[in-house]
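Quick note, the sequences are listed as chains A and B, same order. Residue numbers in the first sequence follow my numbering, run continuously in steps of one, and reach 284 at the last position. Residue numbers in the second sequence follow my numbering, run continuously in steps of one, and reach 1284 at the last position.
Protein chains: 2
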Amino acid sequence: MTQAIDALIEKIRETGCPVCVGLDPVIEYLPPGLPDFITFNKGLIDALEGLVPCVKPQIAMYERYGIPGITAYTETIAYAKSKGFTVIGDIKRGDIASTAAAYAEGHLGGGSRADFVTVNPFLGRDSVEPFIEVCRKNGKGIFVLVKTSNPGSADIQDLDVGGEKLYERVGSMVADWGAGLMGKYGYSSVGAVVGATWPEQAAALRKRMPHTFFLIPGYGAQGGKAEDIARCFDKDGLGGVVNSSRGIIAAWKKPEYAGADYRDAAREETLKMKADLGRFIHVR
Amino acid sequence: MTQAIDALIEKIRETGCPVCVGLDPVIEYLPPGLPDFITFNKGLIDALEGLVPCVKPQIAMYERYGIPGITAYTETIAYAKSKGFTVIGDIKRGDIASTAAAYAEGHLGGGSRADFVTVNPFLGRDSVEPFIEVCRKNGKGIFVLVKTSNPGSADIQDLDVGGEKLYERVGSMVADWGAGLMGKYGYSSVGAVVGATWPEQAAALRKRMPHTFFLIPGYGAQGGKAEDIARCFDKDGLGGVVNSSRGIIAAWKKPEYAGADYRDAAREETLKMKADLGRFIHVR
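Here's what the structure looks like:
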């Protein structure tokens, strides 16, 4: 079975664009006249087709609206997959094994579900293994939280655990967990979330886990810069996808796009981000 | 506004029973002829009315079935609340602040939503604060994962972080976060999840965080014993609720209940658990 990470890497090569667009709608991002999130998302997905390899819906933004929200989340995934995107469900689940198995089946189980989900490692190895099992069975992948982009990530993730930081220890665990799901391009379908806001830490993690693909949030508005992010990538311009959400999907609200269609604004901003990253990251 | 923890403590006193019943259905737990989870759950809730103070649906067991599952989760909460139970939504969410706010609104926002949810602290203080804000506004509460019941909890939670274990450090953080939501009985609406499977650790945590209420999973099948759990409780028999899921909701499958209604079996097992805990914990 094809490794999920190989399919993602091939799409990155086709597009030459290691960008993940976060589909995290809030009401204020909807242009006037647009009725709902799913219409908004479908417009974005159409506009980004062939331009970026993957999209990442953040389930919290849908879950907050209950059933209609979850319906939009599910439809967004199905639509993005039908258009050829790799879909990363940003769910950050983590629980004891029997419960983790239910989450894994629910979110990575069927063909119309996400290709990857994000996973919280706080409960330890036996809470992550059920996800890895489902990945193995279904050709899917996960990104495990290692060093998150928020300021508060320091509170726990940066604690010294005997000569190294907790995020380093977790990084080594993730590399270990991924050994059984290695793809043909040298990266595993068990990836890591590493915030663009922590360039030194990200560079150290890259050295520590050379076969782990990174999902990199925190670019742009949160402060992550292209030259820093480049340190997560290898000489072939591979090693991660850089996420941007608001900067792209709400680009139409910026003064320079006054009067423009939100889809055109999203496309323009994506091309700008591709060019910005392309100054330092050369995908081959 | 009444603190959520005060309402829970009053129900514990009324019932004399510090038990939380986990409504974590799987298909195999449904008695023959029962069509769905919501019918099953309503039967359990009716059978347990006045007997236990709270129920805890584990959202993963519903989420795995998509929209119909989430509908059953939502209806279960509304029905349990209509019958006077405190409802703990076991969601273990955790994310960066803006996302955490969406989760908090989604799960603790409205009157028909849960009274408490469980929260994963791996992303640090700024990921927990949005939940606390919503609790303050709506009279709700959270239980933060401190030391979970599974064997793998040792992998990260037990790491030494400079003279103490990570779960101890997190315990102190949780006690600190709860200071602003203290109820009138000496406990905060910011509680902690502490597994019954770790009696020494639980006893140490009780000393470290005397004003933090515990949600205690791992009783029975997972190995937690009443005499150990008692160390989490104060002289008035307060300090926590002990969760049991399968042992109660699937009791009808045990040989001794052959032919019995699943609701009667659940009630009997709950009474047994109450008696078992009552040997060591005397609620006043």
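We put the beta carbon where it would ideally sit given N, CA and C, even for glycine.
Between B/Lys1092 and chain A, is the shortest Cβ-Cβ distance under 8 Å, so that the two count as touching?
Taking Cβ atoms only, chain A reaches closer than 8 Å to B/Lys1092, which makes this a yes.
Would you say A/Val194 and A/Val146 are within 8 Å of each other, going by their C-beta atoms?
Yes, these two residues count as a Cβ contact at 8 Å.
Span of the alpha helix (DSSP H) holding B/Asp1155?
In this chain, the alpha helix (DSSP H) harbouring B/Asp1155 covers 1153-1157.
Straight-line Cα distance separating A/Tyr65 from B/Leu1108
The straight-line gap separating the alpha-carbon atoms of B/Leu1108 and A/Tyr65 is approximately 12 Å.
Quick check on A/Val174: does DSSP put it in helix, strand or coil?
Judged by DSSP in its simplified three-state form, A/Val174 adopts helix.
Compile a chain-ordered list of the residues in the stretch 1101-1130 of chain B whose CB is closer than 7 Å to at least one CB of chain A.
Legend: CB atoms of the stretch 1101-1130 of chain B lying less than 7 Å from CB atoms of chain A belong to residues Ala1102, Tyr1103, Glu1105, Gly1106, Asn1120, Pro1121, Phe1122, Leu1123, Gly1124, Arg1125, Asp1126, Ser1127.
Cα-Cα separation between A/Pro68 and B/Thr1071, rounded to whole angstroms
Going from the Cα of A/Pro68 to the Cα of B/Thr1071 covers about 11 Å.
What residues match up with B/Ser1244 in a beta bridge as DSSP calls it?
Its beta-bridge partners are B/Val1021.
Sorted by chain position, which residues of the same chain lie with C-beta nearer than 7 Å to A/Glu63's C-beta, five sequence neighbours on each side aside?
So the qualifying residues of the chain are Gly69, Ile70.
What alpha helix (DSSP H) runs, 4 residues minimum, are completely inside the stretch 1201-1282 of chain B?
Entirely contained in the stretch 1201-1282 of chain B, the alpha helix (DSSP H) runs reaching 4 residues are, in chain order, 1226-1229, 1246-1249, 1262-1278.
Using the Cα positions of A/Pro210 and A/Tyr187, report the straight-line distance between them to the nearest angstrom.
Cα to Cα, A/Pro210 sits roughly 8 Å from A/Tyr187.
Please report how far the alpha carbon of B/Lys1253 lies from the alpha carbon of A/Phe40, in whole angstroms.
Pairing B/Lys1253 with A/Phe40, the inter-Cα distance amounts to about 48 Å.
Just to make sure I have the definition right: I need the residues of chain A whose C-beta is within less than 9 Å of the C-beta of B/Thr1212. Which are they?
Neighbourhood of B/Thr1212 in chain A, by CB distance below 9 Å: empty, with the nearest CB roughly 17 Å away.
Who are the Cβ neighbours of A/Glu271 in its own chain at under 8 Å, not counting the five residues just before and after it?
According to the sequence displayed, residue 271 of chain A carries Leu and not Glu. Closer than 8 Å at the Cβ level, and outside the excluded window around A/Leu271, lie Leu51.
Contact check, B/Arg1125 vs A/Asp158, beta carbons under 8 Å:
No, Cβ-Cβ distance for B/Arg1125 and A/Asp158 is not below 8 Å.
Less than 8 Å between the CB atoms is what I'm expecting for A/Leu23 and A/Ile249, so what's the real figure, rounded?
Confirmed, about 7 Å.
Are the C-beta of A/Gly191 and some C-beta of chain B separated by less than 8 Å?
Put simply, the CB of A/Gly191 is far from chain B, with every gap to its CB atoms at 8 Å or more.
Counting Cβ pairs, one atom from each stretch, are 3 or more of them under 8 Å apart for the stretch 129-141 of chain A and the stretch 1131-1150 of chain B?
At 8 Å Cβ cutoff, the stretches do not touch.
Own chain partners of B/Arg1267 with C-beta closer than 8 Å, once the 5 adjacent residues on each side are dropped:
Short of 8 Å from the beta carbon of B/Arg1267, and not among the five residues preceding or following it, lie these beta carbons of its own chain, in chain order: Ala1047, Leu1048, Leu1051.
Can you confirm whether A/Ile70, when its beta carbon is compared against all beta carbons of chain B, has any partner nearer than 8 Å?
For A/Ile70, the closest Cβ of chain B is nearer than 8 Å.
What's the C-alpha gap between A/Gln222 and A/Thr197?
Those two C-alpha atoms are separated by around 7 Å.
Between B/Met1273, B/Tyr1185, B/Arg1246, which has its C-alpha nearest B/Arg1013's C-alpha?
Answer by Cα proximity: B/Tyr1185.
Listed by chain order, chain B residues near A/Ala97 by CB distance under 7 Å:
Residues of chain B passing the Cβ test: Asn1150.
Chain-ordered chain B contacts of A/Gln58 [CB-CB under 9 Å]
Correct list: Asp1095, Thr1099, Ala1102.
Does the beta-carbon of B/Leu1034 have 16 or more other beta-carbons within 10 angstroms, so that it is buried, or is it exposed?
In summary, B/Leu1034 is exposed, with fewer than 16 beta-carbon neighbours lying within 10 Å of its beta-carbon over all protein chains present.
Give me whichever residues DSSP pairs with A/Met182 in a beta bridge.
A/Ser188, per the DSSP bridge assignment.
Using a Cβ cut-off of 7 Å, pull out every chain A residue sitting near B/Ala999, in sequence order please.
Beyond the ends of chain B as shown, which are 1001 and 1284, falls residue 999 of chain B; an answer cannot be given.
How long is the line joining the alpha carbons of A/Leu44 and A/Asp264, rounded to whole angstroms?
About 9 Å.
Applying the criterion that 16 or more other CB atoms from any shown protein chain within 10 Å of the CB defines a buried residue, is B/Arg1284 buried or exposed?
Classification of B/Arg1284: exposed, given that the 10 Å Cβ count is below 16.
Would you list, in chain order, the members of the stretch 1155-1188 of chain B that have their beta-carbon closer than 8 Å to a beta-carbon of chain A?
Residues passing the 8 Å Cβ filter: Asp1155, Ile1156, Gln1157, Leu1159, Asp1160, Val1161, Gly1162, Leu1166, Arg1169, Val1170, Met1173.
Let's test the definition: count the other Cβ atoms within 10 Å of the Cβ of A/Asp115 and tell me whether it reaches 16, buried, or not, exposed.
Answer is buried; the Cβ neighbour count reaches 16.
Using the three-state DSSP reduction, which class does B/Asp1095 fall into: helix, strand or coil?
In the three-state reduction of the DSSP assignment, B/Asp1095 falls in the coil class.
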